[in-house]
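Just below is one structure, and these are the notes that go with it.
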Amino acid sequence: MIAINNVSKWYGDFQVLTDCTTRVAKGEVVVVCGPSGSGKSTLIKCVNALEPFQKGSVVVNGIAVEDTKTNLPRLRAQVGMVFQHFELFPHMTITQNLTVAQMKVLGRGKEEALDKGLKLLDRVGLKSQADKFPGQLSGGQQQRVAIARALAMDPICMLFDEPTSALDPEMINEVLDVMVQLAREGMTMMCVTHEMGFARKVAHRVIFMDQGAIVEDATKDDFFGKPRSERAQSFLAKILQH
Amino acid sequence: MGDFDFSIIATNWRFLAEGLRYTVQVTLTAMVGGILLGTLLALMRLASLWPLQWLAAAYINFFRSVPLVQVILAVYLILPLLLQFLTGRLIPIGADNSAYFTFTIFEAAYYAEIIRSGIQSVPRGQVAAGYALGFTYSQTMRLVVLPQAFRNMLPVLLTQTIVLFQDVSLVYAIGATDFFGAADKITQRDLRPVEMYTTVAVVYFVLCFALSRLVKYLQSRIAIIR
Numbered sequence: 001m002i003a004i005n006n007v008s009k010w011y012g013d014f015q016v017l018t019d020c021t022t023r024v025a026k027g028e029v030v031v032v033c034g035p036s037g038s039g040k041s042t043l044i045k046c047v048n049a050l051e052p053f054q055k056g057s058v059v060v061n062g063i064a065v066e067d068t069k070t071n072l073p074r075l076r077a078q079v080g081m082v083f084q085h086f087e088l089f090p091h092m093t094i095t096q097n098l099t100v101a102q103m104k105v106l107g108r109g110k111e112e113a114l115d116k117g118l119k120l121l122d123r124v125g126l127k128s129q130a131d132k133f134p135g136q137l138s139g140g141q142q143q144r145v146a147i148a149r150a151l152a153m154d155p156i157c158m159l160f161d162e163p164t165s166a167l168d169p170e171m172i173n174e175v176l177d178v179m180v181q182l183a184r185e186g187m188t189m190m191c192v193t194h195e196m197g198f199a200r201k202v203a204h205r206v207i208f209m210d211q212g213a214i215v216e217d218a219t220k221d222d223f224f225g226k227p228r229s230e231r232a233q234s235f236l237a238k239i240l241q242h
Numbered sequence: 001m002g003d004f005d006f007s008i009i010a011t012n013w014r015f016l017a018e019g020l021r022y023t024v025q026v027t028l029t030a031m032v033g034g035i036l037l038g039t040l041l042a043l044m045r046l047a048s049l050w051p052l053q054w055l056a057a058a059y060i061n062f063f064r065s066v067p068l069v070q071v072i073l074a075v076y077l078i079l080p081l082l083l084q085f086l087t088g089r090l091i092p093i094g095a096d097n098s099a100y101f102t103f104t105i106f107e108a109a110y111y112a113e114i115i116r117s118g119i120q121s122v123p124r125g126q127v128a129a130g131y132a133l134g135f136t137y138s139q140t141m142r143l144v145v146l147p148q149a150f151r152n153m154l155p156v157l158l159t160q161t162i163v164l165f166q167d168v169s170l171v172y173a174i175g176a177t178d179f180f181g182a183a184d185k186i187t188q189r190d191l192r193p194v195e196m197y198t199t200v201a202v203v204y205f206v207l208c209f210a211l212s213r214l215v216k217y218l219q220s221r222i223a224i225i226r
């Protein structure tokens, strides 16, 4: 589904990604973790070409994103993305947030888009909030709407870029619950997150990044059982203490 | 003192009202045209292609560095020649019509800078979210960035328009009959400058003050809940 081959990226002289290679198969849930500044958000943004890269290749569903002939809007419409800061459109109601891309990008009619949007809103447990504006919702609620908005496009895979790190602690679980449910339904997911409980529950593989490189790419059991790299061991020891 | 004669206003109010109507027309035309052209300039200035950036920056810096009254005169004198050169015919434009054009192109430079900062006030994540949903550049601008940018900058845009409303009075330099120009012409004929200019000043003050209160009110109404 997603193949990342030898991707390198520089900001000027500074190298942010170094020769990253990994794969996400259809139906697989892959968690990407690592210390801040390790390049995990940058890597996931390369998948739908929100970040350009200078070397290597990213292939999504058989289409190379770095190819200048690739129709990027069409590719991105198939790849759902959830952001750290939700990024709902604050000038639109929740309903409009859920329907605008369905209508403008996929060309769905208003009825169909509304039907789909409200169904997904109900699924994330927020049907009663349909006519509100994003600013009237809590962070956790906004993030659930953002997930529904991405799902409304019928994506072939979902990217999560630290979906819970901007949330108050008591709101993290409501978002993780939605993600767990999604994972169990067989959605292909690539998640940048520090939520190791989530990784334990549903991840198939865990990727550990440090200083722009993929240091560890292991099955969940291997990663939590016996991480090979020292860097991953000390990272795990630090975040699993509590 | 003591011998003010405000009857000059009463006898000439129709002429003054015509002038005021013209002032409002130029203001509205230059506002709409200036914001449209200004949006285009702002997008060019923020574009990744340097020739576009350079062109927009040159335009904006030029008009912001030249006195308005000079531009009014220059357009009035040069535009007919230019049109004659282009069409081969002599087209009389007249002072009144040339002002519509002048104010539109001049104000566009000021609006462009306001709009540029408005666009930059929209968080980058919003652009990313638009792209991630499959929007094209123009859809992202039209549906996501500009609606938020215009809400953020509406007070400044309207304040600039109030300044524009006052600046239209400069067309008296080319003899056009705006509100101020009308007063000027009456004064030259009937010699009652104090009464006339006082009245004009009061009308300008009342209108502009009322408009600025309206801007304040709008600001509280349309702010985005964040």
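Chain order of the listed sequences is V and C. Sequential numbering from 1 applies to the first sequence in my numbering. Sequential numbering from 1 applies to the second sequence in my numbering. Here a beta-carbon is modelled for each residue, glycine too, at the ideal position from N, C-alpha and C. Fair warning: this is a prediction, and the values are worked out from it, not measured in the lab.
### Message
Rounded to whole angstroms, what is the Cα-Cα separation between THR42 (chain V) and ILE147 (chain V)?
### Response
20 Å
### Candidates C:ALA149, C:SER212, C:ALA183, C:SER98, of which the one nearest THR198 (chain C) by Cα
C:ALA183
### Task
Assess, as a yes-or-no matter, whether the region 116-135 of chain V is touched by the region 151-166 of chain C under the definition of 3 or more beta carbon pairs within less than 8 Å.
no
### Query
Given a limit of 8 Å on CB to CB distance, which residues of the region 133-166 of chain C reach chain V?
LEU133, GLY134, PHE135, THR136, GLN139, LEU143, VAL144, PRO147, GLN148, ARG151
### Query
How would you list, in chain order, the residues of chain C whose beta-carbon sits under 8 Å from the beta-carbon of LYS104 (chain V)?
PHE135, GLN139, LEU143
### Query
In three-state DSSP terms, what is THR18 (chain V)?
If DSSP states are grouped into helix, strand and coil, THR18 (chain V) belongs with the strands.
### Query
Would a check of beta-carbon distances place ALA223 (chain C) closer than 7 Å to chain V?
no
### Task
Check the C-beta distance from ARG116 (chain C) over to ARG45 (chain C) and give it rounded, since I have them as a contact under 8 Å.
6 Å
### Query
With a cut-off of 7 Å, does the C-beta of MET1 (chain V) fall near any C-beta of chain C?
With 7 Å as the cut-off, MET1 (chain V) does not count as an interface residue toward chain C.
### Message
For a quick check, are the C-beta atoms of LEU232 (chain C) and ILE72 (chain C) less than 7 Å apart?
### Response
Residue 232 (chain C) falls outside the range modelled here, since chain C spans only 1 to 226, and no answer is possible.
### Close Cβ partners of PRO193 (chain C) (< 6 Å) along its chain, the five nearest in sequence each way excluded
THR187
#### Entry: Boundaries of the beta strand (DSSP E) in which ASN71 (chain V) is found, first to last residue
Careful: ASN71 (chain V) lies outside any beta strand (DSSP E) and carries neither H nor E.
#### Entry: Within-7 Å CB hit, GLY38 (chain C) to chain V
no
### Query
Using the rule of at least 16 other Cβ atoms within 10 Å of the residue's Cβ for burial, across every protein chain shown, is ALA10 (chain C) buried or exposed?
Around the beta carbon of ALA10 (chain C), fewer than 16 other beta carbons sit within 10 angstroms, so the residue counts as exposed.
### Query
Is the beta carbon of THR188 (chain V) sitting closer than 7 Å to the one on LYS26 (chain V)?
yes
### Query
Taking a cut of 9 Å between CB atoms, which residues from the region 32-57 of chain V lie near chain C?
Close to chain C, meaning a Cβ-Cβ distance shorter than 9 Å, are the following residues of the region 32-57 of chain V: LYS45, ASN48, ALA49, LEU50.
### Message
Strictly below 7 Å CB to CB, what residues from chain V border ALA201 (chain C)?
### Response
Within chain V, no residue comes near ALA201 (chain C); the closest Cβ sits about 40 Å away, beyond 7 Å.
#### Entry: Under 8 Å by beta carbon: chain C residues contacting MET153 (chain V)
LEU133, GLY134
### Query
Is any beta-carbon of chain V found at less than 7 Å from that of GLN219 (chain C)?
no
### Query
Closer than 7 Å, Cβ to any Cβ of chain C: which residues of the region 76-98 of chain V, in chain order?
ARG76, ALA77, MET81, PHE83, HIS85, GLU87, PHE89, PRO90, HIS91
### Task
Check distances from the C-beta atoms of the region 111-129 of chain C to those of chain V and list, in chain order, the residues that come in under 8 Å.
PRO123, GLY125, GLN126, ALA128, ALA129
### Query
Since LEU20 (chain C) and PHE179 (chain C) are thought to touch, with beta carbons under 8 Å apart, how far apart are those beta carbons, to the nearest angstrom?
Right, the Cβ-Cβ distance comes to about 4 Å (below 8 Å), so this counts as a contact.
### Message
Mapping the DSSP letters down to three states, classify ILE207 (chain V) as helix, strand or coil.
### Response
strand
### Query
For ALA176 (chain C) versus ASP96 (chain C), is the C-beta spacing smaller than 7 Å?
Yes, these two residues count as a Cβ contact at 7 Å.
### Query
For the alpha helix (DSSP H) that contains ALA113 (chain V), what are its first and last residues?
110-123 is the span of the alpha helix (DSSP H), which, as asked, contains ALA113 (chain V).
#### Entry: Residue closest to LYS115 (chain V), alpha-carbon to alpha-carbon, out of V:ALA152, V:GLN129, V:ARG205, V:GLY139
First, the amino acid is wrong: residue 115 (chain V) is Asp here, not Lys. Ranking V:ALA152, V:GLN129, V:ARG205, V:GLY139 by Cα distance to ASP115 (chain V) puts V:ALA152 first.
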